[in-house]
Every structure is written in C-alpha cells, then in structure tokens.
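Asks: In this note's numbering, the protein residues as written are 46 to 367.
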C-alpha cells in the first residue's frame, strides 16, 4: 500500500499569466503557497486484475479505458499500469473551491503510482507530467501554476517561460515573517462551488484584448517576490492583493458576482487591507490581509465560515509504504 499527501494551494498574484495563450508570447509569473490542507491518495494491489477507483463515486472496471474518471485514467496510462490496482482519494477541502484540487489530485496520484511501480519522481517531473495530462492530453483550459504549487509546496515565485519551461524560486521568510503571514492572512468559505473551466475558457479567449492587465499582474508577481525576499511579509502585501483583485475581475465575466463583491466590500469596511477570491473565480474561498484587531469584526460582518491554515513547506510526498 502507498499513501501520498499533496497540498492544496493559495495563489496571491499573477493568476492568468500561467495560461499558455499568454506566457508563450510574453512569459508569466505567479506567487503562491502550498497550504496545510491536503489530498490523500491511497494505492493498493487488488486481489484480481480489475481496477477499482473510489472518489465521490466508485468505479470497478476491467480495462483502464473503461474508467470515467479521466485524470485517473490518464495517470494509469502514463505510468503503464493496466490492472490489478485499487485507488482511493480523500480531500480535506471539496473540489471547485479555488484551491487547485484537480491538479493536486493529479500530482498526488502520479506520485503514488510511480512509487507503486518502484520509481520515485522529482517534484519537477510530477509537475511537468501533471501539466501534460491536464493541458496537453485532456485539453483542460488551465494554466501551470497549480501543478507546480502542489508538487513543490512552500511559498514560491514561479515564472512561466516562452519556451514552455518553468523556473521556481523558493521564497524563504524568517520566523517573524512566517508568523506574521500566519496571523494576518484569513480565509473564508463563500459556500459557492463551481467548475473553473467555463471562466478559464472565456479568459483564454480574452487574452489578446487583456494584454495590458495581464502584464500588470505579471509585473505585480515580480514586485511581490522582490518585496518578500527584500523586506519580508508586511502591509504592502494586503495592498497588492487588493490591486490585483480589482484588475483580475476584468479578465472574464464569471470571475466575480454581486454576492462576492458585497462580501468583499464588507470585509474592506471592517478593516481588511486587501484580499481576493482564490482560484479562477465564481466561488470558493475569499482570502484577506487583515490586522488581528479587526479580524473578529471582519468575520462578524461577512458571516462566513473561517478556515484556519498555514503554509505547508512540503510538496507532494509519500507518507506510507507497506
């Protein structure tokens, strides 16, 4: 039996510039963190030669091609496993909430399957192969940031280069900076779930008409990286979140809506310095930078469930082998 533990992620700035429609011409960049909310994948040898995949549904099939779960199907094909295996997944957070769950699942499953056949892939290999499955094979209208965040963990600056390569620069915060990040970033669940594909499809179509906005977001990621490694985590982070969120809403019509905008305004009026909706948009989690003395008032004003979290310094890893 193999069990992997792979972090979900929060993206601070640069989202949208990791789409190939933009970075293949202009280069892209994001700053993001893996967090201590995970997807666990269990892989075990099955008594017979069938394939059993258990998620929100359970599938038992004779051949890989019969699977309806397309990510599991393509991962098994890539690793070369044809049968005699059971796969189960458990997530700390529901899918469709803006934390990169599909890519986290793919990275974690690849890690488990490769370990099962006796190979231990690097974080780079896991991220590249997850991107290949989701973007090249399945043609999902997504970018590359989620796969890399899940594979590496920690807080990172990722640059997406016009030649298709990805450069990672890990962001190290001292103890005071890490403590401040944990204390001042607060996250709330809106209760709204959605598929990112529709929003991202529109965003891809809009790329050529949004070059100025995307250039701003790429530059903001560059500036946030420089600020974090030079001056640490400080109040400028909240201002950057706010400015980026205002820009991001213009990229596609489904990124925000009246209910989300109202919640955001209440949070800002209650003391937040800035924030954003995580993921492609339309629902999921709201993230805010807010000084501790205003956080109770903010929580009362928006009336949403708060989720405590901190940065997970480890990316996808094998936590059990038997």
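Note that beta-carbon positions come from the ideal geometry of N, C-alpha and C, so glycine has one too.
Computed from a predicted model, the values in this text were never measured in an experiment.
Mapping the DSSP letters down to three states, classify residue 104 as helix, strand or coil.
Replies: Here the question's residue 104 lines up with position 59 in the chain shown. If DSSP states are grouped into helix, strand and coil, residue 104 belongs with the strands.
Asks: Which value, in whole angstroms, describes the spacing of the CA atoms of residue 346 and residue 305?
Replies: Numbered from its first residue, the chain shown carries residue 346 at position 301. Numbered from its first residue, the chain shown carries residue 305 at position 260. If I take the Cα positions, the gap works out to 13 Å.
Asks: Have a look at 126, 116, 138, 125 and flag the residue whose alpha-carbon is nearest the alpha-carbon of residue 352.
Replies: On the chain shown, position 307 is the one that residue 352 refers to. Taking only the C-alpha atoms, the option nearest residue 352 is 138.
Asks: Which runs of the alpha helix (DSSP H) spanning at least 4 residues fall entirely within the region 108-152, listed in chain order?
Replies: The qualifying runs are 115-124.
Asks: Tell me the DSSP bridge mates of residue 232?
Replies: Here residue 232 refers to the residue found at position 187 of the chain shown. Residue 232 is bridged to 332.
Asks: State buried or exposed for residue 273, treating a residue as buried only when at least 16 other CB atoms are found within 10 Å of its CB.
Replies: Residue 273 sits at position 228 when you count from the first residue of the chain shown. Buried, by the Cβ-count rule.
Asks: Have a look at residue 203 and residue 92 and give me their C-alpha separation to the nearest angstrom.
Replies: Here residue 203 is taken as the residue at index 158 of the chain shown, counted from 1. Here residue 92 is taken as the residue at index 47 of the chain shown, counted from 1. Taking the straight line from one Cα to the other gives about 42 Å.
Asks: Any idea if residue 254 is buried or exposed, counting beta-carbon neighbours within 10 angstroms, 16 or more meaning buried?
Replies: Position 209 of the chain shown, counted from the start, is the residue given in the question as residue 254. Residue 254 comes out exposed.
Asks: May I have the straight-line CA-CA distance separating residue 87 from residue 111, to the nearest angstrom?
Replies: Here the question's residue 87 lines up with position 42 in the chain shown. Here the question's residue 111 lines up with position 66 in the chain shown. The straight-line gap from Cα to Cα measures roughly 20 Å.
Asks: Return the residue from the list 61, 170, 127 that minimises the CA-CA distance to residue 300.
Replies: For this step, residue 300 is matched to residue 255 along the chain shown. That would be 61, whose Cα lies nearest to the Cα of residue 300.
Asks: Please determine, among 154, 69, 281, the residue with the shortest C-alpha to C-alpha distance to residue 317.
Replies: Translated into the one-based positions of the chain shown, residue 317 becomes position 272. That would be 281, whose Cα lies nearest to the Cα of residue 317.
Asks: Any idea what DSSP makes of residue 68, helix, strand or coil?
Replies: Looking up residue 68 in the chain shown gives position 23. Helix at residue 68.
Asks: Can you tell which of 66, 323, 309 has the C-alpha that lies nearest to the C-alpha of residue 343?
Replies: As a position in the chain shown, residue 343 is number 298, starting the count at 1. Ranking 66, 323, 309 by Cα distance to residue 343 puts 309 first.
Asks: How is the alpha helix (DSSP H) around residue 282 delimited, first residue to last?
Replies: On the chain shown, position 237 is the one that residue 282 refers to. Residue 282 -> alpha helix (DSSP H) spans 281-293.
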